[in-house]
Amino acid sequence: MVKNTLILLLTLGIGLIMYDVYEDFKFQESLPLLGDYYARNAASETGSANLVTAVVVTYRGFDTLGEVSILFLTASIISFMFKYKEEHATKKEYRPASELLISSTQVFTPIMLIVGIYIFANGHLSPGGGFQGGAVIASAFLLMLLANPGMHLSHKIISRVESISGIGFVLAGVAGLVYAGGFLDNTVLSKGEFGHLLSAGLIPIIYIFIGLKVGAELSNIVSTMSHLPKENN
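Put into structure tokens, the structure is as follows:
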């Protein structure tokens, strides 16, 4: 009885709060000052047809670099946490995958890899970008691991892709600092013709680095989690 009463009071309280928010809510008739600047100037200043990409890669490039670094730290921590000593673990047994999953993987894995590359290579022209494309690529490797239990992804290759992409991202930022107006300034390269694949200066290159880096880091997490050995009881 007491529990039900508390739930009822909590529900009423949340309802009153939401009603108060609804009563006072007003739609903005204009963009905030910073948002208005982005909307008016991003296309001409960066050459990107995707406003979100212009903001994420150029205007707020430091934030994106920080997010990628956090993902790298997360992948590293997971790898360290799940390193079991051989004497405290037994070999993991895998259940064979179904024929349907194996056949589907053979068809969809190449398509997913191509789509992932397309998403981050065209991030300056259409919705998408490095994080989304990298996640699709990692999903392709996850599908491969599900269809082939016991399969091991090469951590050496993953580490090299992650390292080269991270270094390339930072060097692209430094190039903007040296040859243009600031760190991650995309005008180091010509902005090209608006709306074309080879446009928006450094943005497509930066997104390729981000996509490969995110894909490698997420694939590393997936691979590590899929091969956890059994603990001895």
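Residue numbers (the numbering used here): 1 to 233.
From the three backbone atoms N, C-alpha and C, an ideal C-beta is built for every residue, glycine too.
Status (buried if at least 16 other CB within 10 Å, exposed otherwise) for residue i
i                : result
asparagine 4     : exposed
phenylalanine 82 : exposed
isoleucine 14    : exposed
glycine 128      : buried
asparagine 186   : buried
Best match in the options for proximity to residue i [C-alpha to C-alpha]
i            : options                       : result
glutamate 67 : Thr224, Ser226, Gly211, Gly35 : Gly211
serine 126   : Val222, Pro204, Ala140        : Pro204
arginine 60  : Gly182, Ser44, Arg40, Ala216  : Gly182
alanine 175  : Leu189, Glu162, Ser163        : Leu189
alanine 172  : Phe62, Thr11, Ala97           : Phe62
serine 44    : Gly192, Ser226, Ile206, Leu12 : Gly192
8 Å contact criterion, which residue i and residue j should meet: CB distance rounded
i                 : j                 : result
tyrosine 38       : valine 57         : Their Cβ separation, rounded to whole angstroms, is 13 Å, which puts tyrosine 38 and valine 57 out of contact at 8 Å.
leucine 165       : phenylalanine 209 : The question names leucine, but residue 165 in the sequence shown is serine. That belief holds up - the Cβ atoms of serine 165 and phenylalanine 209 are roughly 5 Å apart, short of 8 Å.
methionine 112    : alanine 75        : In fact, because the Cβ distance is near 20 Å, the residues do not count as touching under 8 Å.
valine 214        : leucine 142       : So it is not a contact: roughly 14 Å between Cβ atoms.
phenylalanine 169 : leucine 65        : 7 Å
leucine 71        : glutamate 217     : 5 Å
isoleucine 7      : threonine 224     : Actually they do not touch by this definition, with Cβ atoms about 40 Å apart.
Coil, strand or helix - residue i by DSSP
i                : result
glycine 166      : helix
glycine 35       : helix
glycine 192      : strand
glutamate 86     : Because the pLDDT at glutamate 86 is just 45, under 50, the model does not fix this residue reliably, and the point stays unresolved.
serine 199       : strand
phenylalanine 27 : coil
histidine 152    : coil
aspartate 20     : helix
proline 204      : helix
proline 96       : coil
Is it true that the stretch 199 to 217 meets the stretch 45 to 57, where meeting means three or more beta-carbon pairs spaced less than 8 Å apart?
Counting Cβ pairs under 8 Å, three or more are found: they touch.
With three or more beta-carbon pairs closer than 8 Å as the criterion, would you say the stretch 132 to 146 touches the stretch 100 to 120?
Contact between the stretch 132 to 146 and the stretch 100 to 120 is present, with at least three C-beta pairs closer than 8 Å.
Using 8 Å as the threshold, is the stretch 141 to 151 in touch with the stretch 94 to 105, meaning 3 or more CB pairs across them?
At 8 Å Cβ cutoff, the stretches touch.
Examine the Cβ distances between the stretch 155 to 163 and the stretch 8 to 28 and report whether three or more of them are shorter than 8 Å.
The answer is no - the stretch 8 to 28 does not touch the stretch 155 to 163, with fewer than three Cβ pairs under 8 Å.
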